[in-house]
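I have placed the structure first, in the form of structure tokens, so that the comments after it can refer back to it.
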Amino acid sequence: MNFKKYKMPDSLGHFGQYGGMFVPETLIPALKELDKVYEESRQDPKFIRTFNGLMKDYVGRPTPLYFAERLTRYFGGAKVYLKREDLCHTGAHKINNSLGQALLAVRMGKKRVIAETGAGQHGVATATAAARFGLECVVYMGEVDMKRQALNVIRMQLLGTEVRPVYAGQKTLKEAVSAAIRDWVSSSRDSHYILGSALGPHPFPKIVRDFQSCIGREAREQILKKEKRLPDLLIACVGGGSNSIGLFHPFLADKRVKMLGVEAGGRGSRIGEHAARFAGGRLGILQGTRSYVLQDKNGQIALTHSVSAGLDYAAVGPEHSYLKDSGRVQYTKVSDKEALAAFKLLSEQEGIIPALESAHAVAGALKIVPKMRKNQLVVINISGRGDKDVEQAAKYLL
Ligand SMILES: *Cc1c(COP(=O)(O)O)cnc(C)c1O
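Note that our numbering numbers the sequence shown so that position 49 is 36, with each residue one more than the last.
Below, the structure written as structure tokens:
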């Protein structure tokens, strides 16, 4: 596969056999409108200027590429840089996508946005973007998650968003996505659905990837400036896959840059104990897209588990499935325990408390960076800060 000519997805949203638009007929016009408006916007210098201006003055971009001196010494292998998405406004990379999509909503003349949220990070980012643009905002959240992430519920409410509890099924992210899609089926004329990861029906995986690609473009420029060469390895955690694809995508054509995506290995390798789609999932369709999906013998969507809510989802973004099959990106998993140890490690070694999601990337690094040569370079994406996770981590660590 020649990644110099990589141009995915095709016009129908396929990444090879993955992706597509598996939605009720009534949503097709809204998805087509979104794709059309997005394709116009990405070529419109004014739109690009507005987006870049918001990234700079509102989000705080470019985020630093920080040389982690003590972590490097601790690993004893390659030189480690951290891409500091934890320093973005609202504390994670999600704001890049929420603001980009809010701009698209405004351009389409839509006055209302809806979103799903699990841990609440995407909900908070979307509530923030909605406040910034004066859009009405409704966020669907499983009742269980609302209890677990009470602080984020309050943040969204303070931002003027209505948080609607979802009582179906496991009462977590998957059910929240279904509720948001159901709302959109009846409201797409005046509402835009701001989907939170590189998932769902076309054109969402493409749009989310493109808005998140500022991560990789900046990292590329920053490492070239600091080291005069490209990194040997990129590492990021993979939930739906947006922070990782945002880092990886601008490097896909650089053959010598290796990439590692880290999934949630949870508490065991049996179905239901983890969220590692590439270690136990198979081809399936979930919530609008075809990808690797965790499912039981009968094709029922499996229950999942991770200590980190942001990685706890049964499907992975379709582009990752394509990149896995092509061999361009390697994927691994780390357990809850390993992630918690890495959470503590980064806090103590660098004074940076990462999100539990990002701690998975650090744990993935711990398995491979010590074996690398000292003259090699690694970039780890710190997708978010750990404030939301301190209570959870304290239960295990203190
Ligand atoms: C939501 C979230 C993730 C996982 O989502 P991706 O789309 O895979 O990036 C990772 N890190 C943080 C901090 C998050 O909030």
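Glycine included, every Cβ here is placed at the ideal spot set by N, Cα and C.
With burial defined as no fewer than 16 other Cβ atoms inside 10 Å of the residue's Cβ, what is the status of residue i: buried or exposed?
| i | result |
| --- | --- |
| residue 173 | exposed |
| residue 211 | exposed |
| residue 216 | exposed |
| residue 222 | buried |
| residue 27 | exposed |
| residue 230 | buried |
| residue 379 | buried |
| residue 386 | Since the first residue shown for the chain is -12 and the last is 385, residue 386 is missing from the structure and cannot be characterised. |
| residue -1 | exposed |
| residue 205 | buried |
| residue 374 | exposed |
| residue 218 | buried |
| residue 66 | buried |
| residue 367 | buried |
| residue -3 | exposed |
| residue 252 | buried |
| residue 232 | buried |
Am I right that residue i and residue j are in contact with their C-beta atoms under 8 Å? What's the rounded C-beta distance?
| i | j | result |
| --- | --- | --- |
| residue 8 | residue 18 | 6 Å |
| residue 116 | residue 79 | Actually they do not touch by this definition, with Cβ atoms about 13 Å apart. |
| residue 73 | residue 352 | Incorrect: roughly 16 Å between the Cβ atoms, too far for contact. |
| residue 14 | residue 175 | 6 Å |
| residue 355 | residue 247 | 7 Å |
Is it the case that the CB of residue i approaches a heavy atom of ligand 1 more closely than 7 Å?
| i | result |
| --- | --- |
| residue 275 | no |
| residue 109 | yes |
| residue 221 | no |
| residue 139 | no |
| residue 230 | yes |
| residue 184 | yes |
| residue 75 | no |
| residue 247 | no |
| residue 354 | no |
| residue 294 | no |
| residue 262 | no |
| residue 81 | yes |
| residue 298 | yes |
| residue 370 | yes |
| residue 224 | yes |
| residue 346 | no |
| residue 342 | yes |
Out of the options, point me to the one whose CA is closest to residue i's CA.
| i | options | result |
| --- | --- | --- |
| residue 371 | 285, 337, 70, 89 | 70 |
| residue 109 | 219, 302, 154, 297 | 297 |
| residue 137 | 116, 330, 4, 104 | 104 |
| residue 226 | 373, 94, 348, 287 | 348 |
| residue 309 | 185, 278, 319 | 278 |
| residue 86 | 208, 197, 206 | 197 |
| residue 237 | 316, 201, 259 | 201 |
| residue 270 | 281, 260, 261, 263 | 281 |
| residue 189 | 83, 299, 36, 23 | 23 |
| residue 56 | 45, 68, 47 | 68 |
| residue 273 | 302, 284, 251 | 302 |
| residue 161 | 83, -11, 187 | 187 |
| residue 146 | 263, 234, 112, 48 | 112 |
| residue 49 | 38, 365, 58 | 38 |
Would you verify that the beta carbon of residue i is, or is not, closer than 8 Å to some beta carbon of chain C?
| i | result |
| --- | --- |
| residue 307 | Of the protein chains in the structure, only one exists, and it is not chain C. |
- What runs of the beta strand (DSSP E), each 3 residues or longer, lie entirely inside the region 136 to 221? Fully enclosed beta strand (DSSP E) runs of no fewer than 3 residues occupy 149 to 153, 178 to 180 of the region 136 to 221, in order along the chain.
- Message: If we require 4 or more residues per run, which alpha helix (DSSP H) segments fall completely within the region 68 to 110?
- Response: The region 68 to 110 contains these whole alpha helix (DSSP H) runs: 81 to 94.
- Query: Taking only runs of the alpha helix (DSSP H) that begin and end inside the region -3 to 67, which ones reach a length of at least 4 residues, in chain order?
  - Reply: 15 to 28, 32 to 41, 56 to 62, all fully within the region -3 to 67.
- Can you list the alpha helix (DSSP H) stretches of 4 or more residues lying completely in the region 238 to 323, in chain order? As far as the region 238 to 323 is concerned, its whole alpha helix (DSSP H) runs of at least 4 residues are 305 to 313.
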